[in-house]
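Have a look at the structure below, then the notes.
2 protein chains.
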Amino acid sequence: MSKTTKRALSGCPIDYALSVVGDGWTLLIIRDIAIKGARTYAELLEGWEGISTNILAQRLRHLEEAGVLEKRKNPTNWRSFNYELTPKGRDLAPLLSELILWGGKYNKAENPMTDTVTQVRSDRVGFERNILDAESGEN
Amino acid sequence: MSKTTKRALSGCPIDYALSVVGDGWTLLIIRDIAIKGARTYAELLEGWEGISTNILAQRLRHLEEAGVLEKRKNPTNWRSFNYELTPKGRDLAPLLSELILWGGKYNKAENPMTDTVTQVRSDRVGFERNILDAESGEN
DNA sequence: CCTATCAACTTGCTTTTTGCAAGCTGATAG
DNA sequence: CTATCAGCTTGCAAAAAGCAAGTTGATAGG
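Chains as they are written, first to last, in our numbering: chain A, 1 to 139; chain B, 1001 to 1139.
What follows is the structure, given as structure tokens:
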């Protein structure tokens, strides 16, 4: 299923959404940026699940091209870059909410992120505002 | 990224959710059942995007094992089966809403499913109730 | 200048997953 | 006892993911 087959062209909004964020890694990257506060390439590499470096680079490029992320110079470390969500990326906040609620409801494993589930359950609006209102330069 | 690596075990609800519905095809299958009303293997094969038969079989097995789908005999055609959403599967309705809203907002292609986007925008509760209240035997 | 540093990638190769076409299965209608 | 047909399997080629090691390039320190 190549990236630009009938998939994105079917015109179905679900299909379009999945063509942008529908692979196994993309929403974890967005989670790390939106919730965990990861910003640099190195921070994203260290995520809990261990994405490999070539795949991370590829996905970041894809997300930039899709207008979900923006790469900008880190103001304090000249050789580092910050990946930030664009408004389009921040608009994924409600999707994250639903993933957290559904995952929190049905995942029976031990849960280090119980606090996040609890937060979304008790104050979904606040959770999403944290993501939506994130300042990132101008945008 | 095998199906049962650290991914599902990280305890993160997003990670768990993605381990169940996070690949490119799964949510399209759920869309076809929940929205398009597809029920049989053959109907699912004919979806707009053209999933291949071995992958469809694999995904259906995975979704059954995860408790999202249920396979039951078709009452009118003895050699056919119906795939139906379980309560866990129907609980994905809000996730579909968000995908549709996000996809509808940012997809700039021609859009055969504009009606669905419009419906979710104007009556999200009703849209989700259609999925959540679907009768499917006992459940 | 010139060399070491280090964040951010690339590259090359192996393993896994996907895609496609063709074939198998098995209950029943005729 | 044979054809049918929905629902799959199987085999093989192509694409994607995973892993380890190497490359790049601006600058800080000598």
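Think of the CB as a built atom: it goes at the ideal place given N, C-alpha and C, for glycine as much as any other residue.
Since this is a predicted model, take the numbers as computed values, not measurements.
List, from N- to C-terminal side, the alpha helix (DSSP H) runs of 4 residues or more that fit wholly inside the stretch 1014 to 1084 of chain B.
If one requires a minimum length of 4 residues, the alpha helix (DSSP H) runs lying completely within the stretch 1014 to 1084 of chain B are 1026 to 1034, 1041 to 1045 and 1053 to 1065, in chain order.
Option nearest V1068/B by Cα separation, candidates R1124/B, A1017/B, K1105/B and P1013/B:
Nearest option by C-alpha distance: A1017/B.
Residue burial classification, G1050/B (beta-carbon count within 10 angstroms, cutoff 16):
G1050/B comes out exposed.
Less than 8 Å between the CB atoms is what I'm expecting for F81/A and R90/A, so what's the real figure, rounded?
Contact flag wrong, Cβ pair sits at about 19 Å.
Cβ of A1057/B less than 7 Å from any chain A Cβ?
So no, A1057/B is outside the interface.
Cα-Cα separation, T26/A to P75/A:
Those two C-alpha atoms are separated by around 26 Å.
What residues in its chain sit with their C-beta under 7 Å from that of K88/A, if we drop five residues either side in the sequence?
Closer than 7 Å at Cβ, skipping near neighbours: G67 and V68.
Please list the partners that L85/A has in chain B, where partner means a Cβ-to-Cβ separation under 8 Å.
In chain order: nothing, as chain B lies at least about 13 Å away.
Report the rounded CA-to-CA distance for Q1119/B versus R1079/B, giving the unit in angstroms.
The alpha-carbon atoms of Q1119/B and R1079/B are separated by roughly 36 Å.
CA nearest to the CA of C12/A, picked from E1064/B, S1122/B and K1108/B
Measuring from the Cα of C12/A, the nearest candidate turns out to be K1108/B.
Should N130/A be flagged as near chain B, meaning a C-beta pair shorter than 7 Å?
N130/A does not count as touching chain B.
Expressed to the nearest angstrom, what Euclidean distance is found between the alpha-carbon atoms of A57/A and L44/A?
Roughly 10 Å between the two C-alpha positions.
Pull up the CB-CB distance for R129/A and I1014/B, whole angstroms please, since I reckon it's below 8 Å.
Not confirmed; about 19 Å, so no contact.
Through-space distance from N1077/B to S1010/B, alpha-carbon basis:
Roughly 43 Å separates the two Cα atoms.
In chain order, what residues of the same chain have a beta carbon less than 7 Å from the beta carbon of L132/A, not counting five sequence neighbours either side?
R90 and A93, listed in sequence order.
Listed by chain order, chain B residues near V117/A by CB distance under 8 Å:
Listed along chain B are P1013, each with a C-beta nearer than 8 Å to that of V117/A.
Given that D1133/B touches chain A, what residues does it touch there, using C-beta distances under 8 Å?
When 8 Å is used as the limit between beta carbons, D1133/B is near no residue of chain A, the shortest such separation being about 18 Å.
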